[in-house]
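Novice:
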Amino acid sequence: MDEESSGTVKKFAFINRKAPYGTIYALESLEVVLISAAFDQDVSLVFMDDGVYQLKKGQGTKAVGMKNFSPTYRALEGYDIEKLYVEKESLESRGLTEEDLIVDVEVLTAEEMATLMDEQDVVMSF
Amino acid sequence: MDEESSGTVKKFAFINRKAPYGTIYALESLEVVLISAAFDQDVSLVFMDDGVYQLKKGQGTKAVGMKNFSPTYRALEGYDIEKLYVEKESLESRGLTEEDLIVDVEVLTAEEMATLMDEQDVVMSF
Amino acid sequence: MKFGILVNEGPYNHQAADTAYQFAKAAIDKGHEIHRVFFYHDGVNNASKLTEPPADDRNIVNRWSKMAEEHGVDLVVCVAAALRRGIVNENLASGFRISGLGQLVESGIQADRLVTFGD
Amino acid sequence: MKFGILVNEGPYNHQAADTAYQFAKAAIDKGHEIHRVFFYHDGVNNASKLTEPPADDRNIVNRWSKMAEEHGVDLVVCVAAALRRGIVNENLASGFRISGLGQLVESGIQADRLVTFGD
Amino acid sequence: MLHIVNKSPSERNALDSCLRMAKKGSTILLIEDAVYAVTKGSTAESKMKAAMAKDIHVYALWPDLEARGMQDTVIDGIKQVDYPGFVDLVADNKNVQSWL
Amino acid sequence: MLHIVNKSPSERNALDSCLRMAKKGSTILLIEDAVYAVTKGSTAESKMKAAMAKDIHVYALWPDLEARGMQDTVIDGIKQVDYPGFVDLVADNKNVQSWL
Chain G
1 MDEESSGTVK KFAFINRKAP YGTIYALESL EVVLISAAFD QDVSLVFMDD GVYQLKKGQG
61 TKAVGMKNFS PTYRALEGYD IEKLYVEKES LESRGLTEED LIVDVEVLTA EEMATLMDEQ
121 DVVMSF
Chain H
1001 MDEESSGTVK KFAFINRKAP YGTIYALESL EVVLISAAFD QDVSLVFMDD GVYQLKKGQG
1061 TKAVGMKNFS PTYRALEGYD IEKLYVEKES LESRGLTEED LIVDVEVLTA EEMATLMDEQ
1121 DVVMSF
Chain S
2001 MKFGILVNEG PYNHQAADTA YQFAKAAIDK GHEIHRVFFY HDGVNNASKL TEPPADDRNI
2061 VNRWSKMAEE HGVDLVVCVA AALRRGIVNE NLASGFRISG LGQLVESGIQ ADRLVTFGD
Chain V
3001 MKFGILVNEG PYNHQAADTA YQFAKAAIDK GHEIHRVFFY HDGVNNASKL TEPPADDRNI
3061 VNRWSKMAEE HGVDLVVCVA AALRRGIVNE NLASGFRISG LGQLVESGIQ ADRLVTFGD
Chain X
4001 MLHIVNKSPS ERNALDSCLR MAKKGSTILL IEDAVYAVTK GSTAESKMKA AMAKDIHVYA
4061 LWPDLEARGM QDTVIDGIKQ VDYPGFVDLV ADNKNVQSWL
Chain E
5001 MLHIVNKSPS ERNALDSCLR MAKKGSTILL IEDAVYAVTK GSTAESKMKA AMAKDIHVYA
5061 LWPDLEARGM QDTVIDGIKQ VDYPGFVDLV ADNKNVQSWL
């Protein structure tokens, strides 16, 4: 981290709207999130649309031959990344509840989520 | 063309469901179609969903800095590729009519299109 | 039975390259023949020998190369699509060859089934 | 104003690489500064010097290199994403450099706006 | 005819287009992100049930269900296959179309 | 806030999600395949009109409209910009989100 950026704290939101495994966006998004922890910014993770599937419990990737990266969401707390938001409508329209998710999250309505996004300085979409 | 394939005539369908320019699939699909002409097969082109936009008249790509490949559809006749099918519902739900298209096509209902697809030996999707 | 396979997306970014491989492998294991795997669009990136995935991940490019070596599967990369994306003989992995789109049409003619994997 | 740009898709396959370039060019022409263009996911393929598009098409890779040369734009390719996809120093086009994801976060911090282009 | 769908039913229109074209007696195989369509509570659940009621055979690739942690909520009547079963479906149908 | 959408409204759910989140007074810029949303007769026409009625400002990138031959059927009230105008929209809004 260089001098210039060390003093600034911005609100960063990472928007996750894609299902895991079908594409790499979920995995590579998580890699950015982990790195962002080193910069002491105000980081929020947003899961909406198919992005909520990233947090589904019980993923097992042996048969597809890919790496199961879902345990990494549990490790986020250790990096002081604790603001995980899930959109209510996205969860419900997929027949999921908070019980189905691998980590604790805050469930927000679309309106609350819109307000949250509005308050961000930097929004990265994957 | 080698010996083994020169005697066989199969029904080939190329299914175009993507809009042009946003992705390269439309352009590269057309490249396969042109090559297929050399193999004397029974070739059909199907345009449905956003694929019907590929045939829209009046494309002008100067400002986006990309190549306008839509005139190539007019050249297909010279390669004896004359079976161009457009799904009626896809056209209508986009506010388009046959008059908007750069080439003559046969408009089929979903049911007729389904029958056409069913009769194919080889279906390539782009 | 003879299968032709068309792969339209690159490695890692889309699962298409994985599913195509698993399909081809299962077909071979069941005694079928893979007539050809044709790589088109971003699929040509499956042939880059310069890929180095993390040690705990699968190596998609090497898997294809090994399949070509062990089972004589013909891996063909479309020359036009490859030039657009920087796949040339210089960075071509073993077991792949670069050729024209005619090879795809030919595979459609000669194989009993042609299956497309893409985005 | 300082702009950061994130490019998530490779050249030719998706328009994202074109739109990002046109945006960057327009920003420079208007007197803005491009803090950095960061290439992630398949976006790293924008940096392959081996691409050879048809003569009548735009050369996406060379356009970026020229922008770096003429306007000193910092073109950064994510090392982890690049290794997965076979972009290494050996085939890296001029004007690009390979670095870590921290460069993306830093660009978010230092630029006034960060704009994402992808699929 | 075998129809293969690999797109999430909530993100893309591929499944809807496939269902519009799938004839009675044909087979649909859901792979990759399309497997979400056969899970209970998904927006596509009713569509898949309607398809099965029209004598369309619906299969899902279980390695993809398992990868996504959706193996326990598959709706009734969906047949599950692995990669060898996928190969059999292609071999057993006279032609195949992927809805990309 | 500036929302950027680049996906076709008939192929993907990105525009719908954006419209669900766009607040009164915010701005939506449609680029690439998303420009089809502001053309007459498209399935998204009514949605875009509803958004404008809610005081959401809707822009479309005209180079993308022209590339697709859709420049003559743009619905009333849509503002068109080129790349420099795109830059101005980003500069004039305090934050920006791309709906990929």
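Heads up: the protein sequence lines correspond to chains G, H, S, V, X and E, in order. All residue numbers for the first sequence refer to my numbering, where the first residue is 1 and numbers rise by one. All residue numbers for the second sequence refer to my numbering, where the first residue is 1001 and numbers rise by one. All residue numbers for the third sequence refer to my numbering, where the first residue is 2001 and numbers rise by one. All residue numbers for the fourth sequence refer to my numbering, where the first residue is 3001 and numbers rise by one. All residue numbers for the fifth sequence refer to my numbering, where the first residue is 4001 and numbers rise by one. All residue numbers for the sixth sequence refer to my numbering, where the first residue is 5001 and numbers rise by one. Beta carbons are placed, not taken as given, at the ideal position from N, Cα and C, and that holds for glycine.
Tell whether a beta-carbon distance below 7 Å holds between S/H2035 and S/G2004.
Specialist: Taking 7 Å as the Cβ cut-off, S/H2035 and S/G2004 qualify as a contacting pair.
Novice: My output table needs one value for E/K5040: the three-state DSSP class, helix, strand or coil.
Specialist: Here E/K5040 sits in coil by DSSP.
Novice: Would you kindly report the start and end of the unbroken alpha helix (DSSP H) that includes S/H2071?
Specialist: Note, S/H2071: alpha helix (DSSP H), I2060 to H2071.
Novice: Which same chain residues, not among the five before or five after G/M1, have their C-beta less than 7 Å away from its C-beta?
Specialist: Confidence in G/M1 is poor, its pLDDT being 45 and thus under 50, which makes the residue's placement unreliable; the coordinate value appears in the next sentence. Only A38 and F39 meet the Cβ criterion.
Novice: With a threshold of 7 Å on Cβ separation, who are the neighbours of S/G2095 within its own chain once the five nearest residues in sequence on each side are excluded?
Specialist: Correct list, in chain order: W2064, S2065, A2068, E2069 and L2075.
Novice: Given 8 Å as the limit, is there contact between the stretch 4023 to 4036 of chain X and the stretch 4056 to 4072 of chain X, that is, 3 or more CB pairs closer than that?
Specialist: Enough Cβ pairs lie closer than 8 Å, so yes.
Novice: Give a yes or no on whether 7 Å exceeds the smallest Cβ distance from G/E3 to chain E.
Specialist: For G/E3, the predicted model reports a pLDDT of 45, less than 50, meaning its position is unreliable; a value from the coordinates is still stated below. It does not: the Cβ of G/E3 has no partner Cβ on chain E nearer than 7 Å.
Novice: Check whether the Cβ of E/K5047 lies closer than 7 Å to any Cβ atom in chain G.
Specialist: Output row for E/K5047: interface = no.
Novice: Could you tell me whether any Cβ in chain H is nearer than 7 Å to the Cβ of V/H3071?
Specialist: Not closer than 7 Å to any Cβ of chain H, the Cβ of V/H3071 fails to qualify, so no.
Novice: Contact defined as beta carbons within less than 8 Å: I believe S/F2010 pairs with S/D2056. What is the distance between those atoms, to the nearest angstrom?
Specialist: In the sequence on display, residue 2010 of chain S carries Gly and not Phe. Actually they do not touch by this definition, with Cβ atoms about 20 Å apart.
Novice: Distance cutoff 7 Å, beta carbons only. Does X/A4091 sit that close to anything in chain S?
Specialist: Yes, because at least one Cβ of chain S sits closer than 7 Å to the Cβ of X/A4091.
Novice: Is the separation between the beta-carbon of H/Q1059 and that of H/S1070 shorter than 7 Å?
Specialist: Taking 7 Å as the Cβ cut-off, H/Q1059 and H/S1070 qualify as a contacting pair.
Novice: Against chain G, with Cβ distances strictly below 7 Å, would S/N2013 count as a contact?
Specialist: Yes - at least one Cβ of chain G is within 7 Å of the one on S/N2013.
Novice: Per DSSP, what kind of secondary structure is S/Y2021 in: helix, strand or coil?
Specialist: Looking at S/Y2021 - three-state DSSP - the assignment turns out to be helix.
Novice: Do you know whose CA, among G/S93, G/L76 and G/F126, lies nearest X/T4043's CA?
Specialist: Ranking G/S93, G/L76 and G/F126 by Cα distance to X/T4043 puts G/S93 first.
Novice: Mind checking whether E/A5037 and E/L5065 have CB atoms under 7 Å apart?
Specialist: No, Cβ-Cβ distance for E/A5037 and E/L5065 is not below 7 Å.
Novice: Would you identify the three-state DSSP class for S/I2098, choosing helix, strand or coil?
Specialist: Strand.
Novice: So with Cβ pairs under 7 Å, would you call E/G5085 a contact of chain H?
Specialist: No, no contact with chain H.
Novice: Does G/S125 come within less than 7 Å of chain E when only Cβ atoms are used?
Specialist: Cβ-Cβ to chain E under 7 Å: yes for G/S125.
Novice: Starting from the N-terminal side, write out each stretch of the alpha helix (DSSP H) that is 4 residues or longer and does not extend beyond the stretch 1070 to 1104 of chain H.
Specialist: Taking only runs of at least 4 residues, the alpha helix (DSSP H) segments lying wholly in the stretch 1070 to 1104 of chain H are 1071 to 1075 and 1088 to 1092.
Novice: Name, please, each residue of chain V whose Cβ falls closer than 9 Å to the Cβ of G/A38.
Specialist: Per Cβ cutoff of 9 Å: G3102 and V3105.
Novice: Does the beta carbon of V/R3058 sit closer than 7 Å to a beta carbon anywhere in chain H?
Specialist: Output row for V/R3058: interface = yes.
Novice: Under 7 Å, CB to CB, which of the residues in the stretch 88 to 120 of chain G have a partner in chain E?
Specialist: From the stretch 88 to 120 of chain G, only A110, M113, A114, M117, D118 and Q120 have a Cβ closer than 7 Å to chain E.
Novice: Could you tell me whether any Cβ in chain E is nearer than 7 Å to the Cβ of G/D49?
Specialist: True, the Cβ-Cβ gap to chain E drops below 7 Å.
Novice: Residues of the stretch 5007 to 5020 of chain E with a CB closer than 7 Å to any CB of chain B: list them in chain order, please.
Specialist: Structure shown: chain B not included; protein chains present are G, H, S, V, X and E.
Novice: Taking contact to mean at least 3 C-beta pairs separated by less than 8 Å, is the stretch 1093 to 1103 of chain H in contact with the stretch 1023 to 1035 of chain H?
Specialist: Flag = no, the stretch 1093 to 1103 of chain H and the stretch 1023 to 1035 of chain H do not touch.
Novice: With respect to the beta strand (DSSP E) encompassing X/S4046, which residues constitute its N-terminal and C-terminal limits?
Specialist: Careful: X/S4046 lies outside any beta strand (DSSP E), inside the alpha helix (DSSP H) at E4045 to A4053.
Novice: In whole angstroms, give me the CA-to-CA distance for V/V3077 and V/Y3012.
Specialist: About 17 Å.
Novice: For a cutoff of 7 Å on Cβ pairs, would you count V/T3051 as touching chain S?
Specialist: Yes, because at least one Cβ of chain S sits closer than 7 Å to the Cβ of V/T3051.
Novice: Is DSSP giving H/G1051 helix, strand or coil here?
Specialist: Three-state result, H/G1051: helix.
Novice: On a CA-only basis, which of H/G1095, H/K1062 and H/F1012 is nearest E/T5073? Give me that one, please.
Specialist: Nearest option by C-alpha distance: H/G1095.
Novice: Quick one: what does DSSP say V/I3087 is sitting in, helix, strand or coil?
Specialist: Here V/I3087 sits in coil by DSSP.
Novice: Given this structure, state the Cα-to-Cα distance separating S/I2109 from H/Q1041, to the nearest angstrom.
Specialist: The alpha-carbon atoms of S/I2109 and H/Q1041 are separated by roughly 9 Å.
Novice: DSSP three-state label for E/F5086, please.
Specialist: Three-state DSSP puts E/F5086 in a helix.
Novice: Apart from the five residues just before and just after G/D49, which ones in its own chain have a Cβ nearer than 6 Å to its Cβ?
Specialist: Around G/D49: R17 and S90.
Novice: Grouping DSSP H, G and I as helix and E and B as strand, with all else coil, what is H/D1042?
Specialist: Note: H/D1042 maps to strand in three-state DSSP.
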